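Reviewing the structure listed below.
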Amino acid sequence: MTASYWAARALLPDGDGGGRAGDPGGDPLPWVVRTGVVVDCGDDGRVAAVRTGVERPPPGAVALGGLDGLLVPGLVDAHSHAFHRALRGRAAGRDFWAWRTAMYRVAGRLDPDSLLALATAAFGEMLLAGITTVHEFHYLHHPAGMDDAVCEAARRAGIRLVLLDTCYLRAGFDDTPLDPLQRRFSDGDADRWVARADSVAAANPDVTVGAAVHSVRAADPPSMAAVAAWARDRDVPLHLHLSEQPAENEACLAATGRTPAQLAHDHGVLGPSTTAVHCTHVTAGDVDLLGSTGTTACLCPTTERDLADGVGPAAALAAAGCGLRLGTDSHAVVDLFEEAWAVELGERLVTGRRGHHRPAALLGAATGGAALAPGRPADLCAVRLDSARLAGVDPGDPVPMVVAAATAADIADTVVGGRHVVRDGAHAALDVAADLRAAIAAVDPCGTC
Ligand SMILES: [Zn+2]
Numbered sequence: 008m009t010a011s012y013w014a015a016r017a018l019l020p021d022g023d024g025g026g027r028a029g030d031p032g033g034d035p036l037p038w039v040v041r042t043g044v045v046v047d048c049g050d051d052g053r054v055a056a057v058r059t060g061v062e063r064p065p066p067g068a069v070a071l072g073g074l075d076g077l078l079v080p081g082l083v084d085a086h087s088h089a090f091h092r093a094l095r096g097r098a099a100g101r102d103f104w105a106w107r108t109a110m111y112r113v114a115g116r117l118d119p120d121s122l123l124a125l126a127t128a129a130f131g132e133m134l135l136a137g138i139t140t141v142h143e144f145h146y147l148h149h150p151a152g153m154d155d156a157v158c159e160a161a162r163r164a165g166i167r168l169v170l171l172d173t174c175y176l177r178a179g180f181d182d183t184p185l186d187p188l189q190r191r192f193s194d195g196d197a198d199r200w201v202a203r204a205d206s207v208a209a210a211n212p213d214v215t216v217g218a219a220v221h222s223v224r225a226a227d228p229p230s231m232a233a234v235a236a237w238a239r240d241r242d243v244p245l246h247l248h249l250s251e252q253p254a255e256n257e258a259c260l261a262a263t264g265r266t267p268a269q270l271a272h273d274h275g276v277l278g279p280s281t282t283a284v285h286c287t288h289v290t291a292g293d294v295d296l297l298g299s300t301g302t303t304a305c306l307c308p309t310t311e312r313d314l315a316d317g318v319g320p321a322a323a324l325a326a327a328g329c330g331l332r333l334g335t336d337s338h339a340v341v342d343l344f345e346e347a348w349a350v351e352l353g354e355r356l357v358t359g360r361r362g363h364h365r366p367a368a369l370l371g372a373a374t375g376g377a378a379l380a381p382g383r384p385a386d387l388c389a390v391r392l393d394s395a396r397l398a399g400v401d402p403g404d405p406v407p408m409v410v411a412a413a414t415a416a417d418i419a420d421t422v423v424g425g426r427h428v429v430r431d432g433a434h435a436a437l438d439v440a441a442d443l444r445a446a447i448a449a450v451d452p453c454g455t456c
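Reminder that position 391 of the sequence shown reads as 398 in my numbering, one-by-one numbering, no gaps.
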């Protein structure tokens with residue numbers, strides 16, 4: 008399969024600095040806006056060539072974003088629990104524990120068939136929002152078949168999947184037994200987690216199977232070390248939820264005398280292949296530790312505000328050397344433009360100051376540091392610039408307005424591995440809204456709240 012795409016303008020790496028285009032840890036940001044851009048895709052799903060200065064779509068090339076759009080690297084959702092999509096708007100107006108009870112009850116109702124339907128539709132919504140890669144933090148392992156259902160959902164939807172196979176073994180630091188609903192998350196011990204993760208990776212060679220420690224609360228230190236070693240040996244990503252709520256910090260300090268970040272570091276969990284999710288309540292010392300180990304920080308501000316978690320110190324993390332990424336987490340909304348700008352807006356409310364993050368750095372977080380360049384995966388999304396929201400955009404410098412005002416509804420086209428999955432705002436194979444309605448009704452979340 009080969010394909011050619013044209014866009015009126017695109018964000019390209021400046022000069023030969025493609026490897027770091029959009030990387031929020033890099034300074035200066037080497038992105039430039041080029042006009043009349045043709046992207047040729049090879050049959051390996053990668054970008055074969057990029058040409059500029061082509062005024063009209065050439066014969067055989069498909070125009071992305073209409074005749075006045077902006078092409079950017081595909082957006083990367085660095086933290087998702089797809090089945091949480093069934094909970095959107097449920098337990099609204101109630102406390103965290105009401106939401107968590109609803110989540111556990113939905114988790115208890117899902118089987119491989121209903122999870123396949125729900126995850127396929129949720130991934131479809133992501134593609135409509137320009138997301139080409141999802142890092143799925145997957146802990147709903149039992150009964151058998153749940154892991155393969157998530158992989159199959161990604162194939163059906165056409166999204167690139169990094170399955171973070173999550174180790175979840177205990178309910179708290181005092182080795183409280185798992186309640187019956189949490190037993191669906193647990194393999195019993197780290198050896199059995201390794202055996203299952205190995206089999207998931209072997210059965211799904213088209214998926215990047217990485218690892219996750221659910222949290223320092225849910226895995227004992229020897230188990231988190233075993234998970235980290237598994238990921239290191241295979242050179243795959245490792246994620247963990249970190250300091251999402253003050254109660255986790257307090258319980259960790261009381262049980263171990265360490266913060267969650269220190270405890271994770273002591274057991275080999277932090278490092279350049281690790282992504283720490285949330286980091287909402289990290290200490291100044293934790294920020295230095297995360298930065299000095301090269302750990303990536305993934306913020307999920309729409310979920311963090313929905314669950315009343317707080318606002319994480321994203322600017323301090325970036326200054327310490329952490330790359331920033333964004334996640335939709337609980338699918339409160341699926342809109343990485345909203346997540347990106349919420350990082351800046353949240354810090355404004357906390358500090359009473361503006362200007363914590365450059366818009367280009369926030370877009371770099373949303374694109375996962377990807378670049379539109381030969382040899383890179385042909386994962387693209389096109390933003391329409393002709394909506395009322397974006398009227399008046401500076402065509403020579405569209406990024407500030409796109410980050411501040413665009414929404415997922417402004418995504419016109421999404422291309423994954425050279426395949427044109429979303430065309431003019433519609434998924435090529437799925438009726439995403441109808442599929443979501445059916446999949447959510449099947450797990451009856453209304454009965455949970
Ligand atoms: Zn999460």
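Yeah, the Cβ is synthetic: ideal placement off N, Cα and C, and Gly gets one too.
Owing to the predicted nature of the structure, the values given are computational and were not obtained by experimental measurement.
Exercise. So is residue 81 buried or exposed if we call it buried at 16+ other beta carbons inside 10 Å?
Worked result: Around the beta-carbon of residue 81, 16 or more other beta-carbon atoms lie within 10 Å, marking it buried.
For this session: Report buried or exposed for residue 25, applying the criterion of at least 16 other Cβ atoms within 10 angstroms of its Cβ.
Result: Only weak support exists for where residue 25 lies, its pLDDT of 41 falling under 50; the coordinates are left without a value.
Problem set entry | Chain-order list of residues whose beta-carbon lies under 6 Å from that of residue 124 (same chain, five-residue window excluded) | 446
Problem set entry | Counterpart residues of residue 57 in DSSP-defined beta bridges | 46
For this session: Sort 111, 428, 128, 172 by Cα distance to residue 441 and report the nearest one.
Result: Of the residues 111, 428, 128, 172, the one whose Cα lies closest to the Cα of residue 441 is 128.
For this session: Could you tell me whether the region 362–374 touches the region 39–53, using the rule of 3 or more Cβ pairs below 8 Å?
Result: no
Problem set entry | At least three beta-carbon pairs within less than 8 Å, the region 388–400 to the region 70–87 | yes
For this session: Could you tell me the distance, in whole angstroms, from the CA atom of residue 40 to the CA atom of residue 173?
Result: 39 Å
Exercise. Got a sec? Which residues, its chain only, sit under 8 Å from residue 222 by beta carbon, not counting five neighbours each side?
Worked result: Result list for residue 222: 247, 248, 249, 251, 255, 267, in chain order.
For this session: For the region 56–63 and the region 408–426, state whether three or more C-beta atom pairs, one from each stretch, are separated by less than 8 Å.
Result: They do not touch, by the three-pair rule.
For this session: Could you name the residues of the same chain whose beta carbon sits closer than 7 Å to that of residue 350, not counting the 5 residues immediately before and after it, in chain order?
Result: 306, 308, 321, 364, 369
Problem set entry | residue 299 burial status per 10 Å Cβ neighbour count (16 or more: buried) | Of the other Cβ atoms in all chains shown, fewer than 16 fall within 10 Å of the Cβ of residue 299; this residue is therefore exposed.
For this session: Tell me, please, which residues DSSP counts as bridged to residue 191.
Result: Answer is none; residue 191 lacks a bridge partner.
Exercise. Taking the alpha-carbon positions, what's the residue 429 to residue 161 distance?
Worked result: 14 Å
Exercise. How do the region 105–116 and the region 429–438 stand: do at least 3 beta-carbon pairs fall below 8 Å, yes or no?
Worked result: no
Problem set entry | CA nearest to the CA of residue 405, picked from 11, 9, 12, 16 | Answer by Cα proximity: 16.
Exercise. Does at least one heavy atom of ligand 1 sit under 7 Å from the Cβ of residue 273?
Worked result: no
Exercise. Which residues does DSSP pair with residue 13 in a beta bridge?
Worked result: 45, 70
Exercise. By Cβ distance, which residues of its chain are closer than 7 Å to residue 30, with the 5 residues on each side in sequence left out?
Worked result: Because the pLDDT of residue 30 is 43, which lies under 50, any placement of that residue in the model is unreliable, and the number read from its coordinates should be weighed accordingly. Closer than 7 Å at Cβ, skipping near neighbours: 330, 371, 376.
Problem set entry | Inter-residue Cα distance where the pair is residue 168 and residue 142 | Cα to Cα, the separation comes out at about 6 Å.
Exercise. Hey, residue 334 and residue 87: beta-carbon distance below 8 Å or not?
Worked result: For the pair residue 334 and residue 87, the CB atoms are nearer than the 8 Å cut-off.
Exercise. Going by beta carbon distance, what residues of the same chain come within less than 7 Å of residue 178, once the five residues before and after it are set aside?
Worked result: 184, 185, 186, 189, listed in sequence order.
Exercise. Are the Cβ atoms of residue 207 and residue 233 separated by less than 8 Å?
Worked result: The Cβ-Cβ distance between residue 207 and residue 233 does not fall below 8 Å.
Exercise. Apart from the five residues on each side of it in sequence, which residues of its chain come closer than 7 Å, Cβ to Cβ, to residue 381?
Worked result: 54, 55, 56, 57
Problem set entry | Distance between residue 9 and residue 132 (C-alpha atoms, nearest Å) | Cα-Cα distance, rounded: 25 Å.
For this session: Just the C-alpha distance for residue 33 and residue 327, rounded to the nearest angstrom, thanks.
Result: Because residue 33 carries a pLDDT of 40, less than 50, the predicted location of this residue cannot be relied on, and no value is offered for it.
Exercise. Taking all protein chains shown into account, do 16 or more other C-beta atoms lie within 10 angstroms of the C-beta of residue 149, making it buried, or fewer, making it exposed?
Worked result: exposed
Exercise. Shorter than 8 Å from the beta carbon of residue 186 to some beta carbon of chain B?
Worked result: Among the protein chains of the structure shown there is no chain B, as only one such chain exists.
For this session: Using three-state DSSP, classify residue 143 as helix, strand or coil.
Result: strand
Problem set entry | residue 25 - DSSP class collapsed to helix/strand/coil | In this predicted model, residue 25 has a pLDDT of only 41, less than 50, meaning its place in the structure is not dependable enough to derive any value.
For this session: Round the Cβ separation of residue 18 and residue 90 to the nearest angstrom and send it over; I've been treating them as touching at under 8 Å.
Result: That belief does not hold up - the Cβ atoms of residue 18 and residue 90 are roughly 33 Å apart, past 8 Å.
Problem set entry | Beta-bridge pairing of residue 212 - partner residues as DSSP gives them | Beta-bridge pairing links residue 212 to no other residue.
Exercise. Between which two residues does the beta strand (DSSP E) containing residue 87 stretch?
Worked result: 82–87
Exercise. If residue 171 sits next to residue 218, beta carbons under 8 Å apart, how far is it from one beta carbon to the other, in whole angstroms?
Worked result: 6 Å
Exercise. Which of the three DSSP states, helix, strand or coil, is assigned to residue 150?
Worked result: coil
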